[in-house]
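Trainee:
Number of protein chains: 2
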Amino acid sequence: MGALLKFGALLLAAVAACVAWEDGDVWDYDGHKLKDSDFLALWPLPQKVQSSAVSFQLSASRFQFTHAEGSSAGSDCSILQNAFRRYFDYIFGFTKKDRDQRRRNAAGSEVLELQVAITSPDAECDGFPSLTSDESCLETFSQLVYEDAYGARNINKTGVSDFPRFAHRGVLLDSSRHYLPLKVILANLEAMAMNKYNVFHWHISDDQSFPYVSRMFPDLSQKGSYHPYTHVYTPADVKMVIEFARMRGIRVIAEFDTPGHTQSWGFGQKDLLTPCYTGSSPSGTYGPVNPILNTTYDFMAGFFKEISTVFPDAYVHLGGDEVDFSCWKSNPDIQKFMDQQGFGKDYSKLESFYIQSSTDKGYMVWQEVFDNGVKVGWTVVEVWKSSELEEELYNVTGAGYTTILSAPWYLDYISYGQDWQNYYKVEPLTFKGTDAQKKLVIGGEACLWGEYVDASNLTPRLWPRASAVAERLWSDQGVRDISDAYVRLVQHRCRMVERGIPAEPLFTGYCRHEYSGV
Amino acid sequence: MGALLKFGALLLAAVAACVAWEDGDVWDYDGHKLKDSDFLALWPLPQKVQSSAVSFQLSASRFQFTHAEGSSAGSDCSILQNAFRRYFDYIFGFTKKDRDQRRRNAAGSEVLELQVAITSPDAECDGFPSLTSDESCLETFSQLVYEDAYGARNINKTGVSDFPRFAHRGVLLDSSRHYLPLKVILANLEAMAMNKYNVFHWHISDDQSFPYVSRMFPDLSQKGSYHPYTHVYTPADVKMVIEFARMRGIRVIAEFDTPGHTQSWGFGQKDLLTPCYTGSSPSGTYGPVNPILNTTYDFMAGFFKEISTVFPDAYVHLGGDEVDFSCWKSNPDIQKFMDQQGFGKDYSKLESFYIQSSTDKGYMVWQEVFDNGVKVGWTVVEVWKSSELEEELYNVTGAGYTTILSAPWYLDYISYGQDWQNYYKVEPLTFKGTDAQKKLVIGGEACLWGEYVDASNLTPRLWPRASAVAERLWSDQGVRDISDAYVRLVQHRCRMVERGIPAEPLFTGYCRHEYSGV
Numbered sequence: 001m002g003a004l005l006k007f008g009a010l011l012l013a014a015v016a017a018c019v020a021w022e023d024g025d026v027w028d029y030d031g032h033k034l035k036d037s038d039f040l041a042l043w044p045l046p047q048k049v050q051s052s053a054v055s056f057q058l059s060a061s062r063f064q065f066t067h068a069e070g071s072s073a074g075s076d077c078s079i080l081q082n083a084f085r086r087y088f089d090y091i092f093g094f095t096k097k098d099r100d101q102r103r104r105n106a107a108g109s110e111v112l113e114l115q116v117a118i119t120s121p122d123a124e125c126d127g128f129p130s131l132t133s134d135e136s137c138l139e140t141f142s143q144l145v146y147e148d149a150y151g152a153r154n155i156n157k158t159g160v161s162d163f164p165r166f167a168h169r170g171v172l173l174d175s176s177r178h179y180l181p182l183k184v185i186l187a188n189l190e191a192m193a194m195n196k197y198n199v200f201h202w203h204i205s206d207d208q209s210f211p212y213v214s215r216m217f218p219d220l221s222q223k224g225s226y227h228p229y230t231h232v233y234t235p236a237d238v239k240m241v242i243e244f245a246r247m248r249g250i251r252v253i254a255e256f257d258t259p260g261h262t263q264s265w266g267f268g269q270k271d272l273l274t275p276c277y278t279g280s281s282p283s284g285t286y287g288p289v290n291p292i293l294n295t296t297y298d299f300m301a302g303f304f305k306e307i308s309t310v311f312p313d314a315y316v317h318l319g320g321d322e323v324d325f326s327c328w329k330s331n332p333d334i335q336k337f338m339d340q341q342g343f344g345k346d347y348s349k350l351e352s353f354y355i356q357s358s359t360d361k362g363y364m365v366w367q368e369v370f371d372n373g374v375k376v377g378w379t380v381v382e383v384w385k386s387s388e389l390e391e392e393l394y395n396v397t398g399a400g401y402t403t404i405l406s407a408p409w410y411l412d413y414i415s416y417g418q419d420w421q422n423y424y425k426v427e428p429l430t431f432k433g434t435d436a437q438k439k440l441v442i443g444g445e446a447c448l449w450g451e452y453v454d455a456s457n458l459t460p461r462l463w464p465r466a467s468a469v470a471e472r473l474w475s476d477q478g479v480r481d482i483s484d485a486y487v488r489l490v491q492h493r494c495r496m497v498e499r500g501i502p503a504e505p506l507f508t509g510y511c512r513h514e515y516s517g518v
Numbered sequence: 001m002g003a004l005l006k007f008g009a010l011l012l013a014a015v016a017a018c019v020a021w022e023d024g025d026v027w028d029y030d031g032h033k034l035k036d037s038d039f040l041a042l043w044p045l046p047q048k049v050q051s052s053a054v055s056f057q058l059s060a061s062r063f064q065f066t067h068a069e070g071s072s073a074g075s076d077c078s079i080l081q082n083a084f085r086r087y088f089d090y091i092f093g094f095t096k097k098d099r100d101q102r103r104r105n106a107a108g109s110e111v112l113e114l115q116v117a118i119t120s121p122d123a124e125c126d127g128f129p130s131l132t133s134d135e136s137c138l139e140t141f142s143q144l145v146y147e148d149a150y151g152a153r154n155i156n157k158t159g160v161s162d163f164p165r166f167a168h169r170g171v172l173l174d175s176s177r178h179y180l181p182l183k184v185i186l187a188n189l190e191a192m193a194m195n196k197y198n199v200f201h202w203h204i205s206d207d208q209s210f211p212y213v214s215r216m217f218p219d220l221s222q223k224g225s226y227h228p229y230t231h232v233y234t235p236a237d238v239k240m241v242i243e244f245a246r247m248r249g250i251r252v253i254a255e256f257d258t259p260g261h262t263q264s265w266g267f268g269q270k271d272l273l274t275p276c277y278t279g280s281s282p283s284g285t286y287g288p289v290n291p292i293l294n295t296t297y298d299f300m301a302g303f304f305k306e307i308s309t310v311f312p313d314a315y316v317h318l319g320g321d322e323v324d325f326s327c328w329k330s331n332p333d334i335q336k337f338m339d340q341q342g343f344g345k346d347y348s349k350l351e352s353f354y355i356q357s358s359t360d361k362g363y364m365v366w367q368e369v370f371d372n373g374v375k376v377g378w379t380v381v382e383v384w385k386s387s388e389l390e391e392e393l394y395n396v397t398g399a400g401y402t403t404i405l406s407a408p409w410y411l412d413y414i415s416y417g418q419d420w421q422n423y424y425k426v427e428p429l430t431f432k433g434t435d436a437q438k439k440l441v442i443g444g445e446a447c448l449w450g451e452y453v454d455a456s457n458l459t460p461r462l463w464p465r466a467s468a469v470a471e472r473l474w475s476d477q478g479v480r481d482i483s484d485a486y487v488r489l490v491q492h493r494c495r496m497v498e499r500g501i502p503a504e505p506l507f508t509g510y511c512r513h514e515y516s517g518v
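If you read the sequences in order, they're chains A and C.
According to full-length UniProt numbering, numbering within the first sequence proceeds without interruption in unit steps and concludes at 518.
According to full-length UniProt numbering, numbering within the second sequence proceeds without interruption in unit steps and concludes at 518.
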C-alpha cells in the first residue's frame with residue numbers, strides 16, 4: 001500500500017513511499033539531524049522519515065481519503081472503506097462536515113486528500129491478510145497529524161519510507177486460563193493495529209477450558225468450557241474476530257495446543273486422553289492425548305479439517321509444548337505400542353509420531369517439537385524458552401526452519417517499574433549463524449498467557465508493554481535509544497488512551513484526556 | 001450498629017450481634033466444625049459465625065430494611081437510607097417490586113425484614129465517621145445471601161458476632177504522581193466498603209503535581225497541577241469524595257506531605273521552597289519547604305486552617321518522609337539559622353523545628369518524624385520502612401505513640417503470581433513489646449503509590465490484593481489458612497466484579513459474570 005497527499009490544488013505522485021509529497025522540490029530538511037522523538041511520537045518508528053517545518057492544515061469538512069489513480073482497489077474495497085472511517089475518526093474525532101464549499105481555504109496551505117494506492121489483484125479486498133500484506137500507511141498518516149494551539153489539525157511536509165523489519169509481528173492471547181469476552185479481544189485487535197502488529201495468535205484452548213464451539217464436536221465446549229453459554233466462542237463470534245482482524249490487516253492464527261495442555265478436551269471427547277496408571281490399574285486421572293488409538297487420529301483429522309475451513313489463515317498452530325511423559329510412561333498399552341514401534345524408552349519419538357499426523361495446513365509449533373526431532377516441511381518453529389536461547393535459534397535456523405521468537409517477550413511475567421525497556425532492548429538476531437539463518441527468523445510474538453489476566457486487567461497489562469515489542473519488530477535494527485523511545489512511547493500511550501484503549505502509564509505524568517473508565 | 005432479622009411473622013431481638021436470629025432455640029449448629037470457606041465466602045471473615053442448614057427465602061418484592069425498635073437512628077438517617085438502597089441493589093439487582101401482597105408466602109420460611117439498630121446520639125446521621133464507627137453489618141448480611149438453583153435469594157440461619165481486630169483499616173491512593181479522575185476514587189471507595197476498609201488516606205499532593213484547589217491559595221493548583229482545568233480537585237469534588245466516603249463509613253484523611261515531596265507547591269507559592277546553592281550562588285533548583293522564613297509559617301498556618309475545615313476528620317496527615325537534607329545543607333542562610341538555633345549539623349533538628357509548627361489538628365506523620373526525635377502529642381506514626389521494622393515498631397510504641405503499619409503492604413510493588421498471599425501472611429503484632437505497646441498499633445494501610453498507576457490500571461491492581469490486607473486487619477489473629485482464604489477470596493473477587501469493580505483474577509478460573517468493560 002502506498003499513500004499520496006494532495007494539497008492545495010496539486011495532485012501528487014510518488015512511488016514506494018508510505019506518505020509522500022512531490023511538488024518539484026527535493027525533500028525539505030531542517031538542516032540539522034532531528035531526533036527520532038521530534039517526529040511527533042511516531043510509533044513504531046518508520047524506516048525513514050524526512051520532516052520539515054512546512055505545515056499544512058487539514059479541515060474535517062473538506063479532507064478526504066481517495067483512491068489514487070492506478071490503485072488496484074475498487075471503490076468497494078471493504079478494508080479501505082473501513083480504514084477510512086476509522087482513521088478519519090482518529091484524526092478528527094466528532095466534527096461537523098462543512099457543506100458550504102465557499103468557505104474553502106484559498107491559500108493553498110491545506111491538505112485536501114490522502115490518495116491511497118493499493119497494489120493487489122483483489123479489487124474488492126475480500127482476501128485475507130498474509131505474511132506480505134501491508135496495512136500500516138494510514139496509521140502512520142494519522143500519527144503525523146497534530147493539533148495546533150487552536151485545536152486545528154495540521155500535518156507537516158514529511159517524507160516517510162516505511163516497511164517492517166520482520167514480517168511476522170504477533171500478540172498471543174490465551175482464552176483458556178480465563179475466558180476473554182469478545183469485547184476484550186476486539187479492543188486488543190484495535191490496539192494491535194495502532195502498533196502495526198499483524199498476527200493475532202489465538203491460544204484458544206488449554207487444560208483449563210475449551211471455549212471454541214466446534215460444529216463437528218459440540219461436546220468439546222458443551223462439556224469442556226467454563227460455561228457452555230456464557231464462556232464460549234460461537235462460530236459467529238469467531239467469524240467476527242477474523243473479520244475485525246482482517247479489516248486491520250491482522251491475521252488470526254488459531255492454536256489448538258496438543259497433545260499436552262488438553263485436559264479440557266477430555267470432558268467432551270471420550271477416550272481422547274491417555275488414562276494414567278498407578279501400578280497396574282488406572283488412577284482415574286488422564287494425561288496427554290492418547291497417541292496409540294486410531295480413534296484419536298480420526299477425531300483430529302475431522303477436527304482440524306473444520307479448523308482449516310473456519311480459520312482462513314494459511315497457518316494453524318499445533319502447540320506441542322510441555323508434554324508430560326509420566327502418564328504415557330505409566331500406561332501399559334502405551335508401553336506396548338512403544339515396543340512395537342521400536343521407540344525404546346524415548347517418548348519424544350512417540351510425541352513426534354503423534355505430531356506428524358495431524359494436519360495438511362501449514363503449521364506452527366512450539367520449539368519442543370523441533371527439539372524432539374520431528375522433521376516435516378512448511379513448519380514454523382516458535383522459540384519460547386529463555387534458557388540456551390541463542391543455541392536454540394542457531395539450531396532451529398540451522399536445520400532450515402522458519403522461526404518465530406517469543407522467549408524474551410512473555411508479558412505475563414510482570415515486575416515493578418519500567419519493564420518495557422527490557423522488551424525493547426532485545427535484539428533478535430544476535431545469535432551466531434549465517435545471513436541465511438538469520439533470514440529465517442521472520443518475526444516474534446508478545447505473549448500474554450492467561451493465568452493472571454482476564455477482562456478486568458488484560459488490556460492495561462498488555463499496553464504499552466507490547467508496544468515496545470512492536471517497535472523492535474517493525475523499526476530498523478539501529479533504533480535502540482531508550483530515552484528517545486520513552487519520549488515517543490509516553491505520547492503513543494496517551495494516543496492509545498485517547499482512542500479508548502486503557503493503556504497503563506509508563507511513569508509519572510499525565511495525558512490530556514485520561515482514560516474515562518475505572 | 002446491630003442488625004436483626006424478622007422472618008415469617010416473628011419479630012426477633014438480639015443484642016451485640018451483627019446479624020442475629022433468636023426464636024427460642026439455641027444456635028443451630030451442624031455438629032461438626034465448618035471450614036471458614038463454607039461460610040459463603042464471607043470476606044473479611046467475621047469474628048464468629050454460627051451457620052446452619054436451615055434456609056429462608058428473601059423476596060425482592062417483600063423484603064425490607066427497617067429500623068429496629070430502640071434504634072437511635074431517625075427515619076431520615078442519611079447513611080442508612082443510602083446503605084439500604086446500595087445493599088438492596090447488591091442483593092437483588094434489578095427486580096420488580098411486588099405490589100400484590102396476596103401473593104405473600106404463607107409458609108413462614110421467609111425473611112421479611114432486616115432490622116437495623118443504631119446506637120448513636122446522632123439521629124439524622126449527619127456526623128462523620130471516626131475510629132469507633134461501625135458500618136459493616138449490611139455488607140456481612142449481603143454476603144450471606146445466596147442464590148439457589150432457580151436464582152431465588154436465600155439466607156441460612158446464621159449467627160454472626162463481628163467486630164474489627166484493628167480500628168484503623170486504610171487504603172492510600174496517590175493523586176499526585178498521576179491524577180485520578182473522581183470516578184476512579186469513588187469506585188475504589190465502593191470497593192473499600194465491600195472489604196470493610198474505613199479510612200481513605202488521600203495522598204493528594206507530591207512533587208509531581210498539586211491537584212487540590214485551595215480557596216485561599218488558588219495558585220497552588222493553577223500553577224502546580226498537571227492542568228488547572230482537567231487535572232484538579234475542585235472544592236465540590238472534594239466534598240463529593242468526603243460525602244461518598246461518609247455514606248460508606250469511611251473516613252477521609254488528607255495528606256499534604258511536607259516539607260519534602262513539595263516541588264509542585266513551588267510553582268504557585270513564591271519563596272516557599274528552599275533555593276539550593278552550588279558553591280556560593282543559587283543553582284536555580286529548589287529543595288524542601290524553606291523552614292527559616294516567617295512567610296512559610298504564615299502560609300502553612302493559613303493553608304492548614306483551610307484544610308482542617310475542608311476535611312472534617314479529626315486527623316490530617318502531614319507527611320514528613322524522605323526529606324533530602326542536601327539542599328538545606330547547600331544554602332548559606334539555612335546554615336546561619338542552624339547556628340543561631342544551636343542545631344549544629346543535625347538537620348533532623350531543623351525538620352523537627354518545622355514539623356512542630358504546622359497544625360493544631362490531630363495528625364499523622366510518616367515514621368521519619370519520630371525517628372528524628374520530634375516530641376508532640378496526639379500524633380499517629382505511620383511505619384512504612386521494611387528494614388528494621390520490628391525494632392521500629394518496638395521503639396515507636398515504646399515511646400507511647402499510636403501506630404499505623406503500612407510497611408508490608410506497599411501494593412505498588414507488583415510481582416508475578418499470587419502476591420496477595422504475602423500480604424495476607426503478615427502478622428502485625430509479632431514485634432517484641434508489652435501488651436500496652438501492642439495496643440498502640442491501631443491498624444494498617446494498603447498503599448498504592450502512584451508512579452505506575454492511573455485511571456487505566458489502578459482498580460484491578462488494587463483489588464483483590466488489598467482485600468488480603470483487609471482481612472488481616474479485620475479478622476481474628478487466628479484466621480490465617482491460605483487455602484481457605486483462597487477459596488473465599490476467589491468468590492469475593494467475583495462478587496466485586498459482579499458489583500462493577502474490575503478486580504483482577506487470583507488465578508485461572510472464571511466468574512459467572514465476567515467484567516463487562518475492557
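Glycine residues also receive a C-beta, built at the ideal position from the N, C-alpha and C atoms.
Model, not experiment: these values are computed from the prediction.
Between residue 74 (chain C) and residue 223 (chain C), what straight-line distance do the alpha-carbon atoms span, to the nearest angstrom?
Mentor: Cα-Cα distance, rounded: 46 Å.
Trainee: Counting C-beta neighbours from all protein chains within 10 Å, is the total for residue 195 (chain A) 16 or more, i.e. buried, or is it exposed?
Mentor: Its Cβ being crowded by 16 or more others within 10 Å, residue 195 (chain A) is buried.
Trainee: Look at residue 366 (chain A) and residue 378 (chain A) and say whether their C-beta atoms are less than 7 Å apart.
Mentor: Their beta carbons are not under 7 Å apart, which means residue 366 (chain A) does not touch residue 378 (chain A) by this criterion.
Trainee: I need the DSSP call for residue 334 (chain A), collapsed to helix, strand or coil.
Mentor: Three-state DSSP puts residue 334 (chain A) in a helix.
Trainee: State yes or no: is the C-beta of residue 460 (chain A) within less than 7 Å of the C-beta of residue 457 (chain C)?
Mentor: Yes, they are a contact pair.
Trainee: Would residue 233 (chain A) pass as an interface residue toward chain C - the criterion being a Cβ-Cβ separation below 7 Å?
Mentor: No, no contact with chain C.
Trainee: Residues in the region 166-197 of chain A with C-beta within 7 Å of chain C's C-beta atoms, listed in sequence order?
Mentor: Cβ contacts with chain C come from 177, 178, 179, 181, 183, 184 and 187.
Trainee: Please determine, among C:479, C:292, C:220 and C:91, the residue with the shortest C-alpha to C-alpha distance to residue 352 (chain C).
Mentor: Selected option, being the one with the closest Cα: C:292.
Trainee: What is the DSSP secondary structure of residue 516 (chain C), reduced to helix, strand or coil?
Mentor: Here residue 516 (chain C) sits in coil by DSSP.
Trainee: Closer than 7 Å, Cβ to Cβ, to anything on chain A: give me those residues from the region 400-428 of chain C, in chain order.
Mentor: Against chain A - using a Cβ distance shorter than 7 Å - the residues of the region 400-428 of chain C are 413, 414, 415 and 416.
Trainee: Which residues in the same chain have their Cβ closer than 8 Å to the Cβ of residue 286 (chain A), if we skip the five residues on either side of it in sequence?
Mentor: Cβ within range, chain order: 263, 266, 273, 274, 275, 276 and 327.
Trainee: Taking only beta-carbon atoms, is residue 455 (chain C) less than 7 Å away from chain A?
Mentor: By this cut-off, residue 455 (chain C) is an interface position.
Trainee: Which of the residues in the region 430-457 of chain C, read from start to end, lie with their CB under 8 Å from any CB of chain A?
Mentor: Those residues of the region 430-457 of chain C that come within reach of chain A (Cβ to Cβ, closer than 8 Å) are 450, 451, 452, 453, 454, 455, 456 and 457.
Trainee: Please classify residue 402 (chain A) as buried or exposed, where buried requires at least 16 other C-beta atoms within 10 Å of its C-beta.
Mentor: So residue 402 (chain A) ends up on the buried side.
Trainee: Report yes or no: is there a C-beta of chain C within less than 7 Å of the C-beta of residue 514 (chain A)?
Mentor: Residue 514 (chain A) counts as touching chain C.
Trainee: Go through its chain and collect everything with a Cβ distance to residue 216 (chain A)'s Cβ below 6 Å, but skip five positions before and after it.
Mentor: For residue 216 (chain A), where only same-chain residues beyond five positions count, the Cβ hits under 6 Å are 302 and 306.
Trainee: Which value, in whole angstroms, describes the spacing of the CA atoms of residue 296 (chain C) and residue 258 (chain C)?
Mentor: Cα-Cα distance, rounded: 12 Å.
Trainee: Tell me which same chain residues have a C-beta within less than 6 Å of the C-beta of residue 408 (chain C), skipping the five on either side of it?
Mentor: Cβ neighbours of residue 408 (chain C) beyond the five flanking positions: 426.
Trainee: Helix, strand or coil: which one does DSSP assign to residue 502 (chain A)?
Mentor: Note: residue 502 (chain A) maps to coil in three-state DSSP.
Trainee: Can you tell me which residues form a DSSP beta bridge with residue 56 (chain A)?
Mentor: A:155.
Trainee: DSSP has residue 258 (chain A) in a bridge; who is on the other side?
Mentor: Looking at the DSSP assignment, residue 258 (chain A) forms a beta bridge with A:319.
Trainee: Count the other CB atoms within 10 Å of the CB of residue 500 (chain A); is the residue buried (16 or more) or exposed (fewer)?
Mentor: It is exposed - the Cβ of residue 500 (chain A) has fewer than 16 other Cβ atoms within 10 Å.
Trainee: Tell me which residues share the same chain as residue 154 (chain C) and place their Cβ nearer than 8 Å to its Cβ, disregarding the 5 neighbours each side in the sequence.
Mentor: Hits under 8 Å: 55, 56, 57, 58, 145, 146, 147 and 148.
Trainee: Could you check if residue 69 (chain C) is buried or exposed, using at least 16 other CB atoms within 10 Å of its CB as the buried criterion?
Mentor: Its Cβ having fewer than 16 others within 10 Å, residue 69 (chain C) is exposed.
Trainee: Checking 7 Å against the spacing of the C-beta atoms, do residue 555 (chain C) and residue 90 (chain C) come in under that value?
Mentor: Given a span of 1 to 518 for chain C in the structure shown, any question on residue 555 (chain C) remains unanswerable.
Trainee: Would you please state the rounded distance, in angstroms, between the beta carbons of residue 412 (chain A) and residue 451 (chain A)? I believe it to be under 8 Å.
Mentor: Residue 412 (chain A) to residue 451 (chain A), Cβ: 7 Å. Contact.
Trainee: With 16 other CB atoms within 10 Å as the buried threshold, where does residue 239 (chain A) fall?
Mentor: The residue is exposed, with fewer than 16 neighbouring Cβ atoms inside 10 Å.
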